[in-house]
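Participant: Pasting in a structure now, in structure tokens, and then I'll have a few things to ask.
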Amino acid sequence: MRHRGRHRRRRRGRVLRAGLAGTALALTAAATMISASQATDADDPGALKPLTASSDTAPLRLTGHDVPGAALGRLAEGMGRPVGVAAVLADPDGSLSDAEDCAEDDRRALPVEPAATQAYCWPGGDTDGWRPGAVTTSGDADEDGRWGEHRVILSGWSRSTGSAAEQGLARVAFVDAGDSAGPRYTWALLAVPEDGGRDYRGLGSTVSGMVWYQDKLLVTTGRGEGGALYVYDLDRVQRATVESPSVGRVPGGWSAAGARYVLPAVASYRTNGAGAPQPGGISLDRSTAPDSLVAHEATPAEEDGPTRLWRYSFGVEPERAGLLEPDPVAVYETELTHVRSVLSYRSGWYLGRMTGTPDERGTLWRQDTEGARPIRCGADETHRCWSGEAASLSYWQETGEVWSQSGRMLFALPLASVDGSLE
Numbered sequence: 002m003r004h005r006g007r008h009r010r011r012r013r014g015r016v017l018r019a020g021l022a023g024t025a026l027a028l029t030a031a032a033t034m035i036s037a038s039q040a041t042d043a044d045d046p047g048a049l050k051p052l053t054a055s056s057d058t059a060p061l062r063l064t065g066h067d068v069p070g071a072a073l074g075r076l077a078e079g080m081g082r083p084v085g086v087a088a089v090l091a092d093p094d095g096s097l098s099d100a101e102d103c104a105e106d107d108r109r110a111l112p113v114e115p116a117a118t119q120a121y122c123w124p125g126g127d128t129d130g131w132r133p134g135a136v137t138t139s140g141d142a143d144e145d146g147r148w149g150e151h152r153v154i155l156s157g158w159s160r161s162t163g164s165a166a167e168q169g170l171a172r173v174a175f176v177d178a179g180d181s182a183g184p185r186y187t188w189a190l191l192a193v194p195e196d197g198g199r200d201y202r203g204l205g206s207t208v209s210g211m212v213w214y215q216d217k218l219l220v221t222t223g224r225g226e227g228g229a230l231y232v233y234d235l236d237r238v239q240r241a242t243v244e245s246p247s248v249g250r251v252p253g254g255w256s257a258a259g260a261r262y263v264l265p266a267v268a269s270y271r272t273n274g275a276g277a278p279q280p281g282g283i284s285l286d287r288s289t290a291p292d293s294l295v296a297h298e299a300t301p302a303e304e305d306g307p308t309r310l311w312r313y314s315f316g317v318e319p320e321r322a323g324l325l326e327p328d329p330v331a332v333y334e335t336e337l338t339h340v341r342s343v344l345s346y347r348s349g350w351y352l353g354r355m356t357g358t359p360d361e362r363g364t365l366w367r368q369d370t371e372g373a374r375p376i377r378c379g380a381d382e383t384h385r386c387w388s389g390e391a392a393s394l395s396y397w398q399e400t401g402e403v404w405s406q407s408g409r410m411l412f413a414l415p416l417a418s419v420d421g422s423l424e
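Mapping of the sequence shown onto my numbering: residues 2 to 424, in sequence order.
So, in structure tokens, the structure goes:
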């Protein structure tokens, strides 16, 4: 039985790759129709500029704030014993569909070049009114790419419509990427304990970045939460007991705006002082020693100035497992604007840039201290062949794949194919 199961997975993978190849050809044909006036997406940003002055590094120092252990204990006492990732995966809300079964409008969100080698779509009924954001995986969490016996993808979403109370809510889908029947997912609401653990509120912000490292999930937020970097403990997932649109303690129990699980924050970080740069997208870099978290600066859509990039090291002492050291170990400036995603591996920084309106294709650049190169759309002259809505890059080192999300499409492609597509 196990051998037949592996055979079916291999065959589905071949069918999926064939379907995606056809999609990529159609998207490439569309890309070749882009006019010459659109071919130059940005001036060559050149090399990354290291920033070493204290005036550049000091504002990026992190100040940490722990949620008191007594508050977390009181919340667990009221809601019941916390559960872990395996329990959440065993209780799915729904399934993702393979790319060939997805609507054509959804598949248009996939990159033209390089083509995705894995792609799935979310069901519309379960994601309407929610905006996709960051992605991280068990490849970030552990070097062997698994959490226990599971291969897992975490996908962040933010509420974009609804009542004033609903807007700004954020949730994470736990996706079982190793399920032989196809990826299944379970929702958990991101929350912040209040009143000493007697209640909680929803995270009132869009989710712009996520990194799962060891047992911690780090989540960057927008202006609604003051640009904080929240920390969640994946061994502290709580079960909601009442299904309602409300969030927090309600008559008869605890509600999570329709989700059946809740992740309460255990800590938060903020950069140093008013006006300090705030992290937008983040990702994990396992090619450094120690492992590190990289970030790009969150900038308004209308801002045309340079963008800062920086990294923090993870603590190596057991008591700081999964937590960041407060001072940045490297800071750079890039001339690229409208940066929406960041990945660092070895000497290269991969930066996703949104160009034009949200429904236009974006560009993906590889930049270092020597220069910059964009991916290009085959023989065409344009660089606009990346997914315009992709707001996250996560490298699964065990498989060599980069995972991202755009619209309702969750997709992966080899990092080697990105390097092979560079101009």
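Yeah, the Cβ is synthetic: ideal placement off N, Cα and C, and Gly gets one too.
If you drop the 5 nearest sequence neighbours on each side, which residues of the same chain put their C-beta closer than 6 Å to that of Ser-247?
Facilitator: Position 246 of the sequence shown holds residue 247. If we look at Ser-247 and ignore the five residues flanking it on each side, its Cβ neighbours are Ser-256.
Participant: Going straight from the alpha carbon of Thr-41 to that of Thr-356, what length do you get?
Facilitator: Residue 41 sits at position 40 when you count from the first residue of the sequence shown. Residue 356 sits at position 355 when you count from the first residue of the sequence shown. Because Thr-41 sits at a pLDDT of 41, beneath the cut-off of 50, its placement in the model cannot be relied upon, and the point is left open.
Participant: Report the partner residues of Glu-334 according to the DSSP bridge assignment.
Facilitator: Here residue 334 refers to the residue found at position 333 of the sequence shown. DSSP lists Lys-50 and Arg-309 as partners of Glu-334.
Participant: Can you tell me whether Arg-9 is buried or exposed? The criterion is at least 16 other CB atoms within 10 Å of its CB, across all chains shown.
Facilitator: Looking up residue 9 in the sequence shown gives position 8. Bear in mind that the predicted position of Arg-9 carries a pLDDT of just 34, short of 50, making it unreliable; the figure below should be weighed with that in mind. Looking at its Cβ environment, which holds fewer than 16 other Cβ atoms inside 10 Å, Arg-9 is exposed.
Participant: Going along the chain, which residues of its own chain have a beta-carbon closer than 7 Å to the beta-carbon of Ala-178, five neighbours each way excluded?
Facilitator: Within the sequence shown, numbered from 1, the residue matching residue 178 stands at position 177. Cβ within range, chain order: Arg-152, Val-153, Ile-154 and Pro-184.
Participant: When DSSP labels each residue in this structure, what does Arg-1 get in the three-state scheme?
Facilitator: Any answer about residue 1 is impossible in this case: the structure gives the chain only from 2 up to 424.
Participant: Name the one or two DSSP bridge partners that Ala-290 has.
Facilitator: Start at 1 with the first residue of the sequence shown, and residue 290 comes out as number 289. The partner list for Ala-290 (beta bridge, DSSP) is empty, contrary to what the question assumes.
Participant: Please report the residue range of the beta strand (DSSP E) in which Val-84 lies.
Facilitator: Start at 1 with the first residue of the sequence shown, and residue 84 comes out as number 83. Val-84 -> no beta strand (DSSP E), and no H or E assigned at all.
Participant: Could you check if Ser-284 is buried or exposed, using at least 16 other CB atoms within 10 Å of its CB as the buried criterion?
Facilitator: The residue labelled residue 284 in the question sits at position 283 within the sequence shown. So Ser-284 ends up on the buried side.
Participant: How about Arg-341: is its Cβ closer than 6 Å to a heavy atom in the ligand ATP?
Facilitator: Inclusion of the ligand ATP in the displayed structure is not the case, the ligand content being empty and no account of it being possible.
Participant: Using only the alpha-carbon positions, how far apart do Glu-334 and Arg-250 sit?
Facilitator: By 1-based counting over the sequence shown, the position of residue 334 is 333. By 1-based counting over the sequence shown, the position of residue 250 is 249. Cα to Cα, Glu-334 sits roughly 45 Å from Arg-250.
Participant: Could you say which of Asp-196, Trp-131 and Cys-122 lies nearest to Pro-69 if we only look at CA atoms?
Facilitator: Numbered from its first residue, the sequence shown carries residue 69 at position 68. Nearest C-alpha to Pro-69: Asp-196.
Participant: Check for me: the beta strand (DSSP E) holding Thr-221 runs from which residue to which?
Facilitator: Here residue 221 refers to the residue found at position 220 of the sequence shown. 217-222 is the span of the beta strand (DSSP E), which, as asked, contains Thr-221.
Participant: Mapping the DSSP letters down to three states, classify Ala-266 as helix, strand or coil.
Facilitator: Within the sequence shown, the letter at position 265 stands for residue 266. In this structure, Ala-266 counts as strand in the three-state DSSP scheme.
Participant: List the endpoints of the continuous beta strand (DSSP E) containing Met-355.
Facilitator: As a working mapping, residue 355 is identified with position 354 in the sequence shown. Met-355 -> no beta strand (DSSP E), and no H or E assigned at all.
Participant: Identify, in the order they occur along the chain, each residue of the same chain with its Cβ nearer than 7 Å to the Cβ of Asp-45, setting aside the five sequence neighbours on each side.
Facilitator: Position 44 of the sequence shown, counted from the start, is the residue given in the question as residue 45. Correct list, in chain order: Ala-373.
Participant: If you draw a straight line from the C-alpha of Leu-49 to the C-alpha of Tyr-121, how long is it?
Facilitator: In the sequence shown, counting from the first residue as 1, residue 49 sits at position 48. In the sequence shown, counting from the first residue as 1, residue 121 sits at position 120. Cα to Cα, Leu-49 sits roughly 34 Å from Tyr-121.
Participant: Check whether the Cβ of Glu-320 lies closer than 7 Å to any Cβ atom in chain C.
Facilitator: Going by chain labels, chain C is absent from the structure shown, which holds only one protein chain.
Participant: Are the Cβ atoms of Ser-445 and Arg-132 separated by less than 7 Å?
Facilitator: Here the chain has residues from 2 to 424 only, and residue 445 is not among them.
Participant: What residues in its chain sit with their C-beta under 7 Å from that of Gly-390, if we drop five residues either side in the sequence?
Facilitator: The residue labelled residue 390 in the question sits at position 389 within the sequence shown. Going by the sequence as given, residue 390 is Glu instead of Gly. Counting only Cβ-Cβ distances below 7 Å, and skipping sequence neighbours, we find Ala-110, Pro-359, Ser-407 and Gly-408.
Participant: To the nearest angstrom, how far is it from the Cα of Glu-320 to the Cα of Asp-127?
Facilitator: Position 319 of the sequence shown, counted from the start, is the residue given in the question as residue 320. Position 126 of the sequence shown, counted from the start, is the residue given in the question as residue 127. Using only the alpha carbons, I get a separation of about 39 Å.
Participant: From Ala-475 to Pro-265, what distance separates their C-alpha atoms?
Facilitator: The question about residue 475 has no answer here: the residues shown for the chain are numbered 2 through 424.
Participant: Considering just the uninterrupted stretch of the alpha helix (DSSP H) at Gly-134, what are its terminal residues?
Facilitator: By one-based count along the sequence shown, residue 134 stands at place 133. That residue, Gly-134, is in no alpha helix (DSSP H); its beta strand (DSSP E) goes 131-138.
Participant: Are the CB atoms of Trp-387 and Leu-414 within a distance shorter than 7 Å?
Facilitator: Along the sequence shown, one-based indexing puts residue 414 at 413. Along the sequence shown, one-based indexing puts residue 387 at 386. Their beta carbons are not under 7 Å apart, which means Leu-414 does not touch Trp-387 by this criterion.
Participant: Is the number of C-beta pairs between the stretch 332-352 and the stretch 303-312 that are closer than 8 Å three or more?
Facilitator: With the cut-off at 8 Å, the stretch 332-352 and the stretch 303-312 touch.
Participant: Any contact of the stretch 396-403 with the stretch 97-111, i.e. 3+ C-beta pairs under 8 Å?
Facilitator: The stretch 396-403 is not in contact with the stretch 97-111.
Participant: Taking the C-alpha atoms as reference points, what is the distance between Tyr-1 and Ala-331?
Facilitator: Outside the shown range of the chain (2 to 424) lies residue 1, about which nothing can therefore be said.
Participant: Just verifying my parser: in three-state terms, what is the DSSP assignment at Asp-145?
Facilitator: What you label residue 145 is simply residue 144 of the sequence shown in a count that begins at 1. Here Asp-145 sits in coil by DSSP.
Participant: Excluding the five sequence neighbours on either side, which residues of its own chain have a C-beta within less than 6 Å of the C-beta of Thr-222, listed in chain order?
Facilitator: On the sequence shown, residue 222 is found 221 positions in, with the first residue counted as 1. Cβ within range, chain order: Ser-206 and Ala-229.
Participant: Compare the Cα-Cα distances from Glu-424 to each of Pro-112, Leu-411, Arg-309 and Pro-375 and report the closest residue.
Facilitator: By one-based count along the sequence shown, residue 424 stands at place 423. Considering only alpha carbons, the answer is Pro-375.
Participant: Around the Cβ of Leu-26, are there at least 16 other Cβ atoms within 10 angstroms (buried) or fewer (exposed)?
Facilitator: Translated into the one-based positions of the sequence shown, residue 26 becomes position 25. Note that Leu-26 has pLDDT 46, beneath the 50 cutoff, so the model's placement of it is unreliable and no number is given.
Participant: If we ignore side chains and look at the alpha-carbon of each, how far apart do Met-211 and Gly-253 end up?
Facilitator: Here residue 211 refers to the residue found at position 210 when the sequence shown is read from its first residue. Here residue 253 refers to the residue found at position 252 when the sequence shown is read from its first residue. Distance between the alpha carbons of Met-211 and Gly-253: 33 Å.
Participant: Given a cut-off of 7 Å, decide if Gly-134 and Val-220 are closer than it, judged by their beta-carbon atoms.
Facilitator: What you label residue 220 is simply residue 219 of the sequence shown in a count that begins at 1. What you label residue 134 is simply residue 133 of the sequence shown in a count that begins at 1. Taking 7 Å as the Cβ cut-off, Val-220 and Gly-134 do not qualify as a contacting pair.
Participant: Would you call Asp-328 buried or exposed, if buried means 16 or more other Cβ atoms sit within 10 Å of its Cβ?
Facilitator: In the sequence shown, counting from the first residue as 1, residue 328 sits at position 327. Classification for Asp-328: exposed.
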